[in-house]
Ligand SMILES: Cc1cc2nc3c(=O)[nH]c(=O)nc-3n(C[C@H](O)[C@H](O)[C@H](O)COP(=O)(O)OP(=O)(O)OC[C@H]3O[C@@H](n4cnc5c(N)ncnc54)[C@H](O)[C@@H]3O)c2cc1C
Ligand code: FES
Ligand code: FES
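Protein chains in written order, with my numbering: chain A, 280 to 560; chain B, 124 to 284.
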């Protein structure tokens with residue numbers, strides 16, 4: 280096994296181009312578990328720990344560009360948390376403080392687990408994933424196209440997630456997750472809700488109840504008319520209907536963590552609550 | 124397997140060595156540097172026994188490769204006290220409040236609590252439980268540990284007053 284530790288992005292891309300068999304190593308919170316458990320063979324690893332460009336974030340106008348190795352701790356704190364509150368809320372639910380100090384948003388995207396907690400938020404925000412490779416250069420992929428299926432992303436061989444771009448919206452946001460206990464759990468169901476007061480609507484995506492993050496399109500169109508914009512007033516009945524429609528978008532399965540029935544119920548409750556929190560009576 | 128050279132600062136001391144790329148930081152600290160205070164429980168990121176400070180942040184040393192820590196500054200339980208043979212405030216508090224029984228989980232708790240209290244010096248019970256959510260203890264039932272964190276905040280305040 281060999282670990283390469285490039286110090287800049289070009290170095291990282293060159294290392295990946297030279298060693299097409301190499302695996303990218305960011306925070307290691309997914310990869311090292313696989314390695315320690317013998318689920319992955321040791322080979323060539325390209326560690327991103329020292330690549331400064333990937334750890335940074337910036338704001339241009341109403342858009343944030345968040346570097347791939349920004350950690351959950353980085354998302355929970357400071358300005359990102361005020362600009363994209365749902366992302367911070369999702370980050371806060373990940374693992375434990377020590378996991379959040381290491382795990383990165385790029386790793387969550389590249390792992391593309393159906394239970395990746397930032398993924399429904401990125402889906403609701405219509406985020407754009409910036410990818411790069413030495414041979415093909417940069418390209419931008421909508422998060423909806425990036426997440427192909429369970430543990431499958433649109434990343435090509437030798438390609439890195441460089442950053443993710445998200446809009447700064449006006450209006451409240453929520454992320455709610457259900458797990459088997461309060462901390463350190465893989466989610467059984469997750470709901471991300473972001474309001475876009477300027478465009479008069481809200482966007483809702485679900486985690487852990489489908490092969491990838493799913494959008495609740497029917498619930499979104501319902502909210503466009505059932506909520507009064509821009510005042511965000513809505514009736515209690517609208518919240519109930521919103522929960523029901525959102526649950527209709529879920530495509531859950533039974534597994535050792537929960538039944539499909541329970542997951543759908545959890546989505547309904549979380550969606551209703553999130554709706555109540557982002558609207559006014 | 125290829126050996127790679129690394130140079131890290133551990134508990135203030137510059138250490139150089141060669142290690143297999145596959146070696147985790149936890150194993151490197153224990154086997155190469157004989158710092159066996161860092162415990163290895165699950166190698167899964169879950170139990171927290173292996174927590175060390177990597178450039179000041181609490182992380183799982185079982186999920187970091189030693190070569191990834193090249194150039195970094197590491198603090199282990201052996202370096203948490205003010206000097207060899209003297210206890211730091213968090214260690215003192217764990218002793219006073221029965222925050223440990225068998226002691227297997229203790230290094231991870233003490234290192235974690237030390238870093239969390241630096242960021243949040245006066246946590247509530249709920250905040251303490253949240254900060255300890257990544258450390259598992261099979262013995263104490265956590266009551267003594269929560270009490271120890273409160274006591275540690277007092278000891279730190281007294282020391283800085
Ligand atoms: C105890 C524990 C609890 C956890 N709890 C949660 C949780 O609550 N919610 C949750 O969503 N996840 C959780 N996770 C999973 C994990 O922390 C996240 O998925 C994390 O975001 C992975 O990021 P990383 O930087 O650690 O990735 P790594 O482990 O370094 O890499 C993961 C995968 O992504 C690839 N990769 C990483 N970065 C890039 C990049 N920039 N470009 C291309 N490929 C890349 C790697 O090659 C690898 O295949 C948990 C893990 C542990 C160990
Ligand atoms: S041994 Fe590292 S978290 Fe358990
Ligand atoms: S004291 Fe025994 S595991 Fe915590």
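The beta-carbon is built from N, C-alpha and C at its ideal position, and this holds for glycine as well.
Only a predicted model underlies this, so the values are computations on that prediction, with no experimental measurement involved.
Residue-level contact by beta carbon holds for residue 375 of chain A and chain B, with a gap shorter than 8 Å. When the alpha-carbon of residue 507 of chain A is set against those of A:560, A:382, A:416, A:408, the nearest one is in A:560. Using a CB distance cut-off of 8 Å, residue 326 of chain A counts as an interface residue toward chain B.
Under the Cβ criterion of 8 Å, residue 185 of chain B is counted among the residues facing chain A. The alpha-carbon separation between residue 204 of chain B and residue 212 of chain B amounts to approximately 8 Å. Taking a C-beta distance under 8 Å as the contact criterion, residue 134 of chain B and residue 201 of chain B qualify as a contact pair. Bridge partners of residue 491 of chain A according to DSSP: none are assigned.
The Cβ of residue 167 of chain B sits closer than 8 Å to at least one Cβ of chain A. From the beta-carbon of residue 182 of chain B, the residues of chain A found nearer than 7 Å are 377, 380, 381.
As a beta-bridge residue in DSSP terms, residue 456 of chain A pairs with A:469.
Proximity to residue 424 of chain A across A:304, A:451, A:398 peaks at A:398, based on C-alpha coordinates. In terms of CA proximity to residue 418 of chain A, A:434 leads the group A:434, A:375, A:312. Any heavy atom of ligand 2 counts here; residues with a Cβ closer than 6 Å to one of them, in chain order, are B:163, B:164, B:165, B:166, B:167, B:168, B:169, B:170, B:171, B:172, B:173, B:183, B:185. In this structure, residue 257 of chain B keeps its C-beta atom at 8 Å or more from the C-beta atom of residue 179 of chain B. When DSSP states are grouped into helix, strand and coil, residue 515 of chain A belongs to the helix group. Those residues placing their Cβ nearer than 5 Å to any heavy atom of ligand 3 are, following chain order, B:223, B:224, B:225, B:227, B:228, B:260, B:261, B:262. Listed by position along chain A, the residues whose Cβ is nearer than 8 Å to that of residue 174 of chain B are 377. If the five residues before and after residue 275 of chain B are omitted, its C-beta is found closer than 7 Å to the C-beta atoms of 212, 213, 216, 236, 240, all from its own chain and listed in chain order. C-alpha of residue 383 of chain A to C-alpha of residue 521 of chain A: approximately 32 Å in a straight line. At a threshold of 7 Å, residue 302 of chain A counts as near ligand 1, since its beta carbon sits closer than that to one of the ligand's heavy atoms. A distance criterion of 7 Å places the beta-carbon of residue 390 of chain A in contact range of ligand 1, judged by its closest non-hydrogen atom. Take residue 296 of chain A, set aside five residues on each side of it, and the residues of its chain with a beta-carbon closer than 8 Å to its own are 412, 413, 414, 437, in chain order. Rounded to the nearest angstrom, the Cβ distance from residue 347 of chain A to residue 442 of chain A is 6 Å, consistent with a contact under 8 Å.
With 16 or more other CB atoms across the displayed protein chains lying within 10 angstroms of its CB, residue 542 of chain A is buried.
For residue 554 of chain A, the enclosing alpha helix (DSSP H) begins and ends at 539-557. Closer than 8 Å to the CB of residue 307 of chain A there is at least one CB belonging to chain B.
The Cβ neighbour count for residue 475 of chain A, taken over all protein chains shown within 10 Å, is at least 16; the residue is labelled buried.
Under DSSP, residue 136 of chain B forms a beta bridge with B:133. Among the CB atoms of chain A, one or more fall inside 8 Å of the CB of residue 171 of chain B.
Taking non-hydrogen atoms of ligand 1 into account, the C-beta of residue 305 of chain A is found less than 7 Å away from one of them. CA-CA distance, residue 169 of chain B to residue 367 of chain A, rounds to 22 Å. For the stretch 229-246 of chain B, the beta-carbon criterion of a distance under 8 Å to any beta-carbon of chain A is satisfied by 235, 239. The DSSP-derived three-state label of residue 330 of chain A is coil. Pairing residue 323 of chain A with residue 356 of chain A gives a Cβ-Cβ distance that is not under 8 Å. Of the candidates A:281, A:486, A:311, A:311 places its Cα closest to the Cα of residue 319 of chain A.
Secondary structure note for residue 480 of chain A: its beta strand (DSSP E) is the uninterrupted segment 480-486.
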